[in-house]
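Novice:
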Amino acid sequence: MPARVLGDFEGRWRMARRIVQGDGSRAELTGEAVWRRVDEGLLCEEAGLLCVGGQPPLEARRRYLWRDDLTVWFDDGRFFHSVPAQGGACAHWCAPDQYDGHYDFGRWPQWRCIWQVRGPRKDYRMVTEYSRIGPPEA
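The numbering used here applies: residue 1041 is where the sequence shown begins, and numbers increase by one.
1. Would you kindly report the start and end of the unbroken beta strand (DSSP E) that includes Trp-1113?
2. Rounded to whole angstroms, how far is the Cβ of Gly-1117 from the Cβ of Pro-1136, which I believe are closer than 8 Å?
3. By Cβ distance below 6 Å, which residues in the same chain neighbour Gln-1061 in space, the five residues on each side in sequence not counted?
4. Along the beta strand (DSSP E) that carries Arg-1152, what are the first and last residues, could you check?
5. Take Glu-1086 and list the residues in its own chain whose beta-carbon comes closer than 7 Å to its own, dropping the five residues that flank it on each side.
6. Assuming Gly-1141 contacts Ala-1131 (C-beta within less than 8 Å), just tell me the rounded distance between them.
7. Would you mind working out which of Arg-1044, Glu-1050, Asp-1048 and Arg-1058 sits nearest Trp-1155, comparing C-alpha positions?
Written out as structure tokens, the structure is:
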């Protein structure tokens, strides 16, 4: 499997996210993620509807900066994690909780990212599946 490079992610992606809390409660987010070129790398903008059992859907948005070395940064400038170019494990410590991630590029251009989050404040597993729906913007 070839190593991924930053340009591989540029464009529009369908995004489906499942979140399962430690107590078994579930949430789902469906929407799009768009990676577009900026001076520092690619800006990833996620937007979708978050459905949590028994509640009206909520609009959810999130932004990250992906740099050429496949490091991912929060939109406030804090480092998040490094994406393994061939897929595999990554991690992020957000005191007092540990985020353990795994990227799977085995079915490219469909891919997934899984986060297992544990700590005194958080306990959930989040699986996000991506499939390409559009090329980079001209």
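Note that CB positions come from ideal geometry on N, CA and C, so glycine has one too.
No experiment lies behind these values; they were computed from the predicted model shown.
Specialist: For this structure:
1. Taking the sequence shown and counting its residues from 1, one reaches residue 1113 at position 73. First-last of the beta strand (DSSP E) with Trp-1113: 1111–1114.
2. Taking the first residue of the sequence shown as 1, we reach residue 1117 at position 77. Taking the first residue of the sequence shown as 1, we reach residue 1136 at position 96. With a Cβ gap of about 22 Å, Gly-1117 and Pro-1136 do not count as contacting.
3. As a working note, residue 1061 is residue 21 in the sequence shown. So the list reads Tyr-1164, once near-sequence residues are dropped.
4. Position 112 of the sequence shown holds residue 1152. Element bounds for Arg-1152: 1150–1158.
5. The count along the sequence shown starts at 1 and reaches residue 1086 at position 46. Cβ within range, chain order: Met-1055, Gly-1071, Ala-1073, Arg-1101 and Arg-1102.
6. As a working mapping, residue 1141 is identified with position 101 in the sequence shown. As a working mapping, residue 1131 is identified with position 91 in the sequence shown. Confirmed, Cβ separation roughly 7 Å.
7. For the purposes of this step, residue 1155 is identified with residue 115 of the sequence shown, where counting begins at 1. Of the candidates Arg-1044, Glu-1050, Asp-1048 and Arg-1058, Arg-1058 places its Cα closest to the Cα of Trp-1155.
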